[in-house]
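Colleague:
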Amino acid sequence: MKKLGLCLLLLLVLPIHVSAQTYDYNSKLFQRIVNQLSMQGHKEHDLATCTVKQQYYKEVLDMLNKGKSEEEILNYYVEQLGEQALVVPQKSGFSLTAWIVPIAIFMFGIFVIYRTVRRREGN
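FYI, the numbering for the sequence shown is -20 to -1, 1 to 103, going by mature numbering (1 follows the signal peptide of the UniProt record, and there is no 0).
1. Just curious, the alpha helix (DSSP H) that V58 is in, first and last residue?
2. Apart from the five residues just before and just after M43, which ones in its own chain have a Cβ nearer than 8 Å to its Cβ?
3. To the nearest angstrom, how far is it from the Cα of S7 to the Cα of V40?
4. Any chance the stretch 24 to 36 sits against the stretch 60 to 68, with 3 or more Cβ pairs inside 8 Å?
5. Going by beta carbon distance, what residues of the same chain come within less than 8 Å of L17, once the five residues before and after it are set aside?
6. Would you kindly work out how many angstroms separate the C-alpha atoms of K46 and K38, rounded to a whole number?
7. In the structure shown, what three-state DSSP assignment does V(-3) receive?
8. Count the other CB atoms, across all protein chains shown, that sit within 10 Å of the CB of M19; report buried if there are 16 or more and exposed otherwise.
So this is what it looks like as structure tokens:
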């Protein structure tokens, strides 16, 4: 019983430090998110002079500090602007087809050229 009382006393006496995580422009998570956004063609512009890029940075920072996850933030921009909001399109649905079809056509072309060359060498 004395141990329980001592534990309770320590809990009351010791300061409890609870704080929500805050993010800034240097946070790794913040940087990872903004590096995935195209920012309507303003990604490579200077932050000090580009108001569009400043707006994106502020929005992402606000969403992070409100507790939104990386996925929620990226989905927000995709819902607002479509796939072009991202530097690299998502690998699902039609976007997955857009990734696979050019590679498949290229591989098929190499196969056709290879077979044509082999047939001509045989004759």
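Note that beta-carbon positions come from the ideal geometry of N, C-alpha and C, so glycine has one too.
Modeller: Taking the geometry as given:
1. E50 to L61
2. E52, I53 and Y56
3. 12 Å
4. no
5. K23, Y36, V40, L54, Y57, A65, L66 and V67
6. Approximately 12 Å between the Cα atoms of the pair.
7. Any reading at V(-3) must be qualified, since the residue scores a pLDDT of 46, below 50, and its modelled position is unreliable; no value is offered.
8. buried
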